[in-house]
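All remarks here apply to the structure that follows.
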Amino acid sequence: MSKAILELAQAIENRQPAVLATVVEAKGASPARAGAQIVLLADGKTAGTAGGGKLEAAILADAKKVLDGHQAGLFHYKLAEEGQDAIGTLCGGEVTVFIQPFLPAPQLVIVGGGHIGKPLKIMGEAAGFDVVVVDVQAGLATVPQLEQVKLGGDSYVVLITTDHVSDEAALRYALTTPAPYIGMIGSLAKCRTIFDHLLADGFTPQQLERVYAPIGLDLGGVTPQEIAVAILAEVIACRHQKTLDSDHINFRRLSRILA
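Positions 615 to 873 (the working numbering) are the ones given, in order, by the sequence shown.
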């Protein structure tokens with residue numbers, strides 16, 4: 615197996631965005647041959663080769679655009695100094711490359727299974743999320759199971775454990791990660807109590823404003839399935855950066871409500 619494919623497989627396993635560029639056609643004099651492949655990772659690392667020199671530099675430049683824009687496509691390179699698609703070389707050949715992004719699915723991390731977690735897992739998978747269910751031991755002030763899950767910029771964390779101690783422990787950890795969504799189930803009073811604990815321990819109001827609590831959009835549902843729908847709807851809205859000001863009760867609004 616080629617270095618490019620091995621590196622791509624490792625990136626996929628590690629949930630790291632990557633782009634694979636494959637030479638699908640080479641005409642005339644060219645440093646690349648059909649089938650040559652190079653992988654570009656989000657951190658700039660590469661594996662494999664597509665001919666080196668100006669051709670490979672041009673391919674990697676387009677690969678970076680594909681990585682940023684998430685859109686696969688065919689790219690044509692003319693190994694000439696002038697003209698359309700020219701890359702400034704004298705070889706005289708032409709190369710066509712297919713560049714394809716491999717992006718990890720958004721990650722939905724459900725902390726605590728139970729009657730809400732089960733339908734939420736099913737719905738989350740149907741919506742295209744990579745769902746991870748983390749079972750925690752009730753009453754513990756630490757969440758080693760959650761700490762084993764790598765939470766990144768496309769991780770959406772749902773805290774629905776069976777007790778406030780576990781929720782608070784999970785929230786403390788989640789707030790140290792770049793997860794764009796952290797939602798916590800519970801009454802207004804419970805949420806405020808947990809927020810007060812975190813404030814006393816040095817967390818800032820700005821940090822707590824990241825938390826969606828009580829969790830989920832107010833759709834009026836009361837069954838576990840309906841609550842799961844409300845939670846997933848809020849997660850999807852957050853992921854697509856839709857305004858949730860009318861429904862999102864964060865630390866600032868919660869403080870006003872319970873004042």
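Note that beta-carbon positions come from the ideal geometry of N, C-alpha and C, so glycine has one too.
Based on the DSSP secondary-structure assignment, which residues constitute the bridge partners of residue i?
i: A635; result: I652 and I713
i: E708; result: K641 and K692
i: Q721; result: D744 and S769
i: A672; result: Bridge partners of A672: none, in fact.
i: A700; result: K692
i: V825; result: I796
To the nearest angstrom, how far is it from the Cα of residue i to the Cα of residue j?
i: K617; j: V653; result: 9 angstroms
i: E840; j: L846; result: 10 angstroms
i: I871; j: L734; result: Here I871 scores only 48 on pLDDT, less than 50, and its place in the model should not be relied on; the value that follows carries that caveat. The straight-line gap from Cα to Cα measures roughly 28 angstroms.
i: L833; j: A661; result: 48 angstroms
i: A675; j: E627; result: 25 angstroms
i: G658; j: H684; result: 16 angstroms
i: I673; j: E639; result: 14 angstroms
i: R629; j: G706; result: 39 angstroms
i: I619; j: A664; result: 13 angstroms
How far does the beta strand (DSSP E) with residue i in it extend, from its first residue to its last?
i: G662; result: T660 to G662
i: G797; result: Y795 to M798
What whole-angstrom Cβ distance do residue i and residue j have, given they're in contact under 8 angstroms?
i: A677; j: A635; result: 5 angstroms
i: V711; j: F689; result: 5 angstroms
Here's a check: name, in chain order, each residue in its chain whose Cβ is nearer than 7 angstroms to the Cβ of residue i, leaving out the five neighbours to either side.
i: G666; result: P645
i: V763; result: V723, V746 and V748
i: G835; result: I841, V843 and A844
i: G727; result: V747 and D749
Apart from the five residues on each side of it in sequence, which residues of its chain come closer than 8 angstroms, Cβ to Cβ, to residue i?
i: E695; result: G702, T703 and L704
i: P631; result: A625, L655, A656, L681, P715, F716, L717 and P718
i: Y787; result: V757, L760 and E761
i: M737; result: A842, V843 and L846
Tell me which same chain residues have a C-beta within less than 6 angstroms of the C-beta of residue i, skipping the five on either side of it?
i: H729; result: P838
i: E621; result: V653 and A661
i: A827; result: M798 and C805
For the alpha helix (DSSP H) that contains residue i, what are its first and last residues?
i: Q961; result: With the chain running from 615 to 873 in the structure shown, residue 961 is simply not present.
i: E782; result: H778 to A788
i: F817; result: Counting along the chain, F817 falls outside any alpha helix (DSSP H), and DSSP gives it neither H nor E.
i: P838; result: P838 to R853
i: Q630; result: Counting along the chain, Q630 falls outside any alpha helix (DSSP H), and DSSP gives it neither H nor E.
Hey, is residue i's beta-carbon within less than 8 angstroms of any beta-carbon in chain D?
i: C805; result: Among the chains in the structure shown there is no chain D, since it carries only a single protein chain.
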